[in-house]
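**Student:** Residue numbers (the UniProt record's numbering): 1 to 238. Quick reminder that beta carbons are idealized off the backbone N, C-alpha and C, glycines included.
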Ligand SMILES: NC(=O)C1=CN([C@@H]2O[C@H](COP(=O)(O)OP(=O)(O)OC[C@H]3O[C@@H](n4cnc5c(N)ncnc54)[C@H](O)[C@@H]3O)[C@@H](O)[C@H]2O)C=CC1
Ligand SMILES: O=C(O)C1=N[C@H](C(=O)O)C[C@H](O)C1
């Protein structure tokens, strides 16, 4: 496939490596300082775009792809407040895009494990639940997109929790997400249930960015045969 990289930082460079290993070609590597190069790019030269840029950039990058009828895989997090508008723009203009807070297969299994455990714990009022996410010091957003997805899955199944906060909290309705920034942390997420008697904790730890990049690349191979706003659940079918 002919791939356009929107964002050529830590993730873009990892995706390039894996894409070339899978005999794909990279038609352009766009960063903040050469975004003007998009103007000279022929849409016919691109089969799919992959956006791992930054929160302030993703919505406009997606709209550019929609306008040029290029399906786009979006890994960039931190722009959830714009998602409804971007979804509608994609639908209104016949585009195709998929955004996921985390493309690693392991984390998507962890998403399911989180919901399963939350269902079991909903009736266990002696436990207090909290979350922690650990990432590298260059990360722009907090809490992580993955942590927000985990929080949403947990709150679907634990009736007492109605909002998440990115700080410690003793309010029963608030789910606390603590964000820690330390290098080189590619991404660690944990959910912990504590009672006077015992504690239950589940954790996913990424050892590198390879799982995120491979997941995004596999979605990029699948997306061009799809239409509209797609989800990781559409791709994984589990
Ligand atoms: N969904 C997932 O599985 C994962 C998501 N991410 C997310 O991906 C994003 C990027 O992460 P990293 O690669 O670590 O960041 P990074 O900071 O290493 O790279 C981002 C790149 O985007 C470029 N950029 C900024 N504005 C741009 C624009 N308007 N158009 C094109 N490029 C632009 C920057 O020049 C930079 O090189 C973050 O939002 C992060 O949360 C990261 C890993 C996995
Ligand atoms: O910025 C990162 O590095 C990561 N961001 C994503 C997120 O915000 O969840 C995914 C992964 O945790 C790495």
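Which residue's Cα is closest to the Cα of residue 51: 127, 42 and 76?
**Tutor:** Along the chain shown, one-based indexing puts residue 51 at 51. Of the candidates 127, 42 and 76, the one whose C-alpha sits nearest the C-alpha of residue 51 is 76.
**Student:** Restricting to Cα atoms, I'd like to know which of 170, 151, 72 and 178 is closest to residue 118.
**Tutor:** Translated into the one-based positions of the chain shown, residue 118 becomes position 118. Comparing Cα-Cα distances from residue 118 to each of 170, 151, 72 and 178, the minimum goes to 151.
**Student:** Quick one: give me the first and last residue of the beta strand (DSSP E) that residue 216 is part of.
**Tutor:** By one-based count along the chain shown, residue 216 stands at place 216. Note, residue 216: premise wrong, no beta strand (DSSP E); alpha helix (DSSP H) at 210 to 222.
**Student:** Is it true that the CB of residue 69 sits closer than 9 Å to the CB of residue 94?
**Tutor:** Indexing the chain shown from 1 puts residue 94 at position 94. Indexing the chain shown from 1 puts residue 69 at position 69. Yes; because the gap between Cβ atoms is below 9 Å, this pair is in contact.
**Student:** My parser needs the beta strand (DSSP E) runs of 3 or more residues fully inside the UniProt domain "Dihydrodipicolinate reductase C-terminal" (106 to 236); what are they?
**Tutor:** With a minimum length of 3 residues, the continuous beta strand (DSSP E) runs that stay inside the UniProt domain "Dihydrodipicolinate reductase C-terminal" (106 to 236) are 128 to 135, 163 to 165, 174 to 181, 188 to 194, 199 to 205 and 228 to 230.
**Student:** Return the chain-ordered list of same chain residues with a C-beta closer than 7 Å to the C-beta of residue 88, the five sequence neighbours on each side being excluded.
**Tutor:** What you label residue 88 is simply residue 88 of the chain shown in a count that begins at 1. No residues qualify anywhere along the chain.
**Student:** Kindly identify the DSSP beta-bridge partner or partners of residue 28.
**Tutor:** Position 28 of the chain shown, counting from 1, holds the residue named residue 28. Residue 28 is bridged to 4.
**Student:** Quick test of your reading: residue 27 and residue 45, contact by CB under 8 Å. State the CB separation rounded to the nearest angstrom.
**Tutor:** Sequence index remark: in the chain shown, residue 27 carries index 27 (1-based). Sequence index remark: in the chain shown, residue 45 carries index 45 (1-based). Indeed, because the Cβ distance is near 5 Å, the residues count as touching under 8 Å.
**Student:** Using 10 angstroms around the beta-carbon of residue 177, count the other beta-carbons present and answer buried if the total reaches 16, otherwise exposed.
**Tutor:** If you number the chain shown from 1, residue 177 lands on position 177. The residue in question, residue 177, is buried, as its Cβ has 16 or more Cβ neighbours within 10 Å.
**Student:** Are there any heavy atoms of ligand 1 lying less than 8 Å away from the beta-carbon of residue 138, as far as the coordinates show?
**Tutor:** In the chain shown, the residue the question calls residue 138 occupies position 138. Residue 138 Cβ: within cutoff of ligand 1.
**Student:** Would you check if the stretch 181 to 197 and the stretch 130 to 143 touch, i.e. whether three or more CB-CB distances between them fall below 8 Å?
**Tutor:** Yes, the stretch 130 to 143 is in contact with the stretch 181 to 197.
**Student:** Just checking my contact of residue 131 with residue 191 at CB under 8 Å: how many whole Å lie between their CB atoms?
**Tutor:** One-based indexing of the chain shown puts residue 131 at position 131. One-based indexing of the chain shown puts residue 191 at position 191. Indeed, because the Cβ distance is near 5 Å, the residues count as touching under 8 Å.
**Student:** Where does residue 47 sit, in a helix, a strand or coil, going by DSSP?
**Tutor:** Taking the chain shown and counting its residues from 1, the one referred to as residue 47 is at position 47. Of the three classes helix, strand and coil, the one that applies to residue 47 here is coil, per DSSP.
**Student:** Among the residues of its own chain, which have a CB less than 8 Å from the CB of residue 114, if the five just before and after it don't count?
**Tutor:** Reading the chain shown from its first residue, position 114 is the one you call residue 114. Closer than 8 Å at Cβ, skipping near neighbours: 150, 153, 154, 191 and 202.
**Student:** Is residue 28 near ligand 1, in the sense that its beta carbon is under 8 Å from a heavy atom of that ligand?
**Tutor:** Residue numbering aside, residue 28 sits at position 28 when the chain shown is read from its first letter. Incorrect: residue 28 has no Cβ contact closer than 8 Å to ligand 1.
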